[in-house]
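Residue numbers (mature numbering (1 follows the signal peptide of the UniProt record, and there is no 0)): -19 to -1, 1 to 174.
Just so it is clear, CB atoms sit at the ideal spot from N, CA and C, and this is done for glycine as well.
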């Protein structure tokens, strides 16, 4: 019985070795491929530059870059005349107030066959008007009872001063929470104390 079992194991291992060679012979190698470079951060309403490189492809080729937000598909179609091409991808002005995740699916018609891919890493779309707030304090360390002075610098997406009003400010630490409400940024040269 032991000999039969060992013969069966030998047969299975030899059969597996021959089968693995046959499997690699039956793989159909696709001719051609592509590489798409897309920014990980997009701004709503602002077109972004993407680059597409074709490998072992007969030209001309066609590409569809489909930006998917929720259940809406927003395609960009492109006829490719060169192996390396950079062009604008349309990012529509989405009605969002918070950053949103989107996905991208790419289909490229190469050498008579259609190859497709999609993003693995998340891509974020920010609202069109995104302000950046920088806070500067007069010291790095405070003792209890010290007067805290800080400045706010608010910049728009072009890094220019923004004239919007800051509705609420919260300073949170382990000891207490201090709240200021409805300060305009013009008070005392943007400094509060």
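Going by beta carbon distance, what residues of the same chain come within less than 8 Å of residue i, once the five residues before and after it are set aside?
| i | result |
| --- | --- |
| residue 95 | 88, 89 |
| residue 21 | 102, 103, 104, 105 |
In its own chain, which residues sit with a C-beta less than 6 Å from the C-beta of residue i, not counting the 5 before and 5 after it?
| i | result |
| --- | --- |
| residue 98 | 87 |
Relative to the C-alpha of residue i, which residue among the options is closest?
| i | options | result |
| --- | --- | --- |
| residue 119 | 137, 36, 131 | 131 |
| residue 23 | 121, 77, 64, 115 | 77 |
| residue 185 | 79, 85, 15 | Outside the shown range of the chain (-19 to 174) lies residue 185, about which nothing can therefore be said. |
| residue 28 | 56, 52, 13 | 56 |
| residue 17 | 116, 64, 117 | 64 |
| residue 36 | 68, 108, 114, 62 | 62 |
| residue 81 | 30, 139, 107, 32 | 107 |
| residue 139 | 110, 31, 13 | 110 |
| residue 67 | 79, 25, 114, 30 | 30 |
Excluding the 5 residues preceding and the 5 following residue i in the sequence, name in chain order all residues of the same chain whose CB lies nearer than 7 Å to its CB.
| i | result |
| --- | --- |
| residue 60 | 41, 43 |
| residue 143 | 112, 135, 136, 137 |
| residue 54 | 47 |
| residue 39 | 92 |
Tell me whether residue i is buried or exposed, calling it buried when 16 or more other Cβ atoms sit within 10 Å of its Cβ.
| i | result |
| --- | --- |
| residue 83 | buried |
Assuming the contact rule is C-beta atoms closer than 8 Å, residue i and residue j should be a hit. Round their C-beta distance to whole Å, please.
| i | j | result |
| --- | --- | --- |
| residue 133 | residue 116 | 6 Å |
Q) Three or more beta-carbon pairs under 8 Å between the segment 97 to 105 and the segment 115 to 133, yes or no? A) no
Q: Please confirm if the segment 64 to 81 is in contact with the segment 42 to 50, defined as three or more CB-CB distances below 8 Å between the two stretches.
A: yes
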